[in-house]
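Read through the structure below, which is laid out as structure tokens, and then see the notes.
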Amino acid sequence: MHMHRYEKWWLVFGTGSLVVFLFILGISAFHQGHTPPSAKAFVNHEQVDKIAPFNEPGLKKVEGKDWDYELVVLASAFFYNPGEVEIPKGSKVKVIATSKDVVHGFGVAGTNINMMLEPGYISEYVTTLDKAGEYLVVCNEYCGTGHHTMKSMIKVVD
Amino acid sequence: MNKALEKIDRKDAKLAMAHLYVAFTALALGGLAGLLQVLVRSGKFELPANIGYYQVLTTHGVLLGLILTTFFILGFQTAAVSRTSGTFSDGQRLTGWIGFWVMLIGTAMSATMILLNEASVLYTFYAPLKAHWIFYLGLTFVVVGSWVDGAAQISKYISWRKQNPGQPGPLLTFMAIINVVLWIVATLGVAAEVLFQLLPWSLGLVDRVDILISRTLFWYFGHPLVYFWLLPAYMCWYVIIPKIIGGKIFSDSLARMSFILFLLFSIPVGLHHQLTEPGIDAGWKFLQVVLTFMVVIPSLMTAFSLFATFETYGRSQGAKGVFGWIKKLPWKDARFAVPFIGMVAFIPAGAGGLINASFQLNQVVHNTIWVTGHFHLTLATSVVLTFFGIAYWLVPHLTGRVLTPAMNKLAIVQAFTWAIGMTIMSSAMHLAGLFGAPRRSSFSTYGDAQQAMDWIPYQIAQAIGGSILFLGIILVLVIFINLAFFAPKGEEEFPIGEVEENAEKTPMILENWKIWITLTIALILIAYTVPFMEMFQNGPIGSKGYRLW
């Protein structure tokens, strides 16, 4: 197929940039571990409030793991449990969350914590909170009439 | 000989116009729903009479995202196939009408359930929110009707190929057929979701539905859906615009090649809408992110081709300097200027799309109102303005009327109104989204949280932009009604571009459907087989239905 000389240059430049871009994404993902929340853990969502760790939602200090704290969150229409939590600044936190009923979102404004919570599936994300402040948690997936009232607060304190 | 005044058969024109009437009715109602939403979300307005915000949101999404687009596209493609491959046979036209009526009945069924507040599940209808079964059945009718409608176009293409052995099909017909094939392959996902999961479940025949499988089937369809919207705009950009400006199509083969690449790389990429979901391996998500980015290549080909056409034409008119050709373009012709604004909007829209699909950047914007802003630049500006630009010559062509200078001027005013409204609304959405403001949410201060208070000025800006956009909708409806019923009788051209005289012959391999469909299926199997098997083998118990509105 005939291609104009300039078009060849344009496509070589464009495709080249694309390859470089995807290469950087790949290194960031698989070498530096920056992958989106993709946990493959399951739970019976109808019994979830009786099953650990969701029987006791909240912040727990842990020892001997790659992170300092585990924040266990149980979402249901239209609440998060816990409704508010304080986390010491600079700590590495693993958020472990799931939904009791429909699909909810767990987006923490001003951070990279952003995941979907689906009944039966456990979502996990590890991050370090190194700036003090109040971070609003909002449900960012439509879940019903009370969707826009569903919130929680993460306070990162000195 | 003036080839431009070749007319579409009157009976085919009627079929195409029937589609456009439904499309523009959907625009009027869905646009009104959009206006109500931006007003509510500004915090200064409340819906009267127990109407729910999410009910209005469902109306807006279904009518504009699904009904306006599907009807407009199939109507435009009916006209395009009839114009370039010849009049439909009686059987083909009847097939088209059956498809049209099945879609319309389905639309009425779903719309009734939304109005009765039995289906406030938004246009993505994520389980386990459970709508009334008539809502799902109505959507099934829309999809099945679109297959029948598409079958009429495929049948016409096949009979053209039989009458012209050894020749590549007319370019515009070929493009329409690629889009129909893309649509059929993509809608198999949502059809499976509705037929095997949601319908039996909403009828009470089964108790539970697997959430992740339903979402994966939805997004298998949901991403190619955006290419189903985009490709007709590309048809206009590749084939119609060159004729309007008086130039030639840059390359027939490259145009076909880019459409084939869109077919190949629009479907096996749905997981990039599910990047923040549990239950899917990060490696498989990454593979689909890589496949997603392959559409960069046909997009670059398109951009090159369009600007090559513009520049070649400008220079043939004696333009000087590097950018002198820009002045030679017919800026006062709405048929060119309106879609051109759509093309310009596609530059930031495409860049935003790259951000959304990026493996890690998605984390920042996922489900924020940034995504809504992006969607309103791609679908609601690039695609919709191009559709308006098409309607401005297609409607008078089909109704035997003309686009008068006054309407032409009003059309340009309309497009600028749209551009201004959208710039305000979409920029405010993109910015608020970067700060974490969620999409698909009614007005809320979240207990007077400081971050949520900071979003409010952007929400007010959205209301201003949205109100300007609604003015734009009123203008486009005025023009549509004028062109359909009141404009003076006459002949309006259906512009079809021609290829440069010394262009090389189009290779027949581009129309070897066995190769392209096999490759499409192979890519889909590579991208989806393992993730699907894992979902079937490892999934948790399914979910019962909820009605939380």
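In the order they appear, the protein sequences are chains U and W.
Read in the UniProt record's numbering, the first sequence has 64 at position 64, and its numbers run on one by one without any break.
Read in the UniProt record's numbering, the second sequence has 139 at position 139, and its numbers run on one by one without any break.
Just so you know, even glycine gets a beta-carbon here, dropped at the ideal spot from N, CA and C.
One Cα belongs to R161/W, the other to G99/W, and the distance between them is close to 23 Å. For V295/W, the closest C-alpha among the options K327/W, Y227/W, G138/W, W237/W is that of Y227/W. In this structure, DSSP gives K285/W a helical state, which the three-state scheme calls helix. The beta carbons of V209/W and A127/W sit about 5 Å from each other, so the pair counts as a contact at 8 Å.
Here the C-alpha atom of A357/W lies approximately 26 Å from the C-alpha atom of V93/U. At least one CB atom of chain U sits nearer than 8 Å to the CB of Y546/W. The alpha-carbon of V194/W is positioned some 43 Å away from that of E498/W. If you ignore the 5 residues before and after W229/W, its C-beta comes within less than 6 Å of the C-beta of T69, L379, V383, all in its own chain and listed in chain order.
W331/W is classed as exposed because its beta carbon has fewer than 16 other beta carbons within 10 Å across all chains shown. With distances taken between CA atoms, A233/W lies nearest to F259/W out of F259/W, G222/W, S214/W. With respect to the 8 Å criterion, Q153/W and T78/W are classified as neighbours on the basis of their beta carbons. Against chain U, the CB of S266/W has no partner CB under 8 Å away; the residue lies outside that interface. Listed along chain U are V102, V103, Y142, C143, G144, each with a C-beta nearer than 9 Å to that of L129/W.
Non-local beta-carbon contacts of G120/U in its own chain, meaning distances under 7 Å to residues more than five positions away in sequence, involve F42, V43, H45 in chain order. Using a CB distance below 8 Å, the part of the stretch 6 to 28 of chain U facing chain W consists of Y6, E7, W10, L11, G14, T15, L18, F21, L22, L25, G26, S28, ordered along the chain.
G145/W is positioned such that its CB atom lies closer than 8 Å to that of V102/W.
In the three-state DSSP reduction, L136/U falls in the strand class (E or B).
Chain-ordered listing is empty here: chain U has no CB closer than 9 Å to the CB of I347/W, the nearest sitting near 14 Å. In this structure, G61/W keeps its C-beta atom at 8 Å or more from the C-beta atom of T145/U. For a cut-off of 8 Å, the C-beta gap from L104/W to V22/W is around 6 Å, short enough to register as a contact. Using a Cβ distance threshold of 8 Å, I67/W and A18/W do not count as a contacting pair. Every alpha helix (DSSP H) stretch that sits fully inside the stretch 263 to 349 of chain W and reaches 4 residues is listed by chain position as 282 to 293, 296 to 316. Taken through DSSP and simplified to helix, strand or coil, S253/W comes out as helix. Comparing C-alpha distances from I297/W to each of F416/W, S543/W, P224/W, A255/W shows the shortest one belongs to A255/W.
Nearest neighbour of E493/W by Cα position, chosen from V322/W, I390/W, P507/W, turns out to be I390/W.
Within the same chain, L172, A176 come within 6 Å of A80/W by CB-CB distance, once the 5 residues on both sides are set aside. Residue contact with chain U for I326/W: absent (no Cβ-Cβ distance below 8 Å to any residue of chain U). Take the alpha-carbon of K248/W and the one of E6/W: they are about 18 Å apart. Taking 8 Å as the cut-off, the Cβ atoms of G472/W and T417/W count as close. Going by DSSP, P88/U is part of no alpha helix (DSSP H) but of the beta strand (DSSP E) stretching over 84 to 88. For P438/W, the beta-bridge partners assigned by DSSP are T368/W.
Per DSSP, S159/W is not a residue of any beta strand (DSSP E); the alpha helix (DSSP H) it occupies stretches across 133 to 163. When the Cα atoms are used, Y157/W and L263/W turn out to be separated by approximately 18 Å.
Sorting N140/U, P53/U, F79/U by C-alpha distance to the C-alpha of R440/W places N140/U at the top.
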